[in-house]
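As structure tokens, the structure follows; a few thoughts come after it.
Residue numbers (this note's numbering): 258 to 363.
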């Protein structure tokens, strides 16, 4: 049985062009690092909906369920991923916002 990988999503292909999924198994330390960064249950608190493709929401729901981490929700997982993205790319994001008319910093 072939398992579908996250980046095999049609929505990924539309945004990124052809999708080549890495078939190499990740190292154990990579799995541990990913788990400690992203698979941490959290209270999301006040929420607001955003619009994303249904296919992505369905895939995230399956993935979060397969992680089998007690109390991990789609919202907590997505929040962890987005916070990491914003912090990792903070300088670039701030530079891009500086080029606009509205001044704010992360």
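Glycine included, each C-beta is placed from N, C-alpha and C at the ideal position.
The structure displayed is predicted, hence computed values, not measured ones.
What distance in whole Å lies between the Cβ atoms of residue j and residue i, which are believed to be in contact at a cut-off of 8 Å?
i           : j           : result
residue 295 : residue 337 : 5 Å
residue 309 : residue 333 : In fact, because the Cβ distance is near 16 Å, the residues do not count as touching under 8 Å.
residue 350 : residue 343 : 7 Å
Taking all protein chains shown into account, decide if residue i is buried (16 or more other Cβ within 10 angstroms of its Cβ) or exposed.
i           : result
residue 322 : exposed
residue 305 : exposed
residue 316 : buried
residue 303 : exposed
Among the options, which one has its Cα closest to the Cα of residue i?
i           : options       : result
residue 335 : 303, 314, 285 : 314
residue 307 : 291, 285, 331 : 331
*asked:* Would you call the segment 313-332 in contact with the segment 343-354, where contact means no fewer than 3 C-beta pairs closer than 8 Å?
replied: Not touching, per the Cβ criterion.
*Fully enclosed by the segment 272-329, which alpha helix (DSSP H) runs are 4 residues long or longer?*
285-295, 311-324
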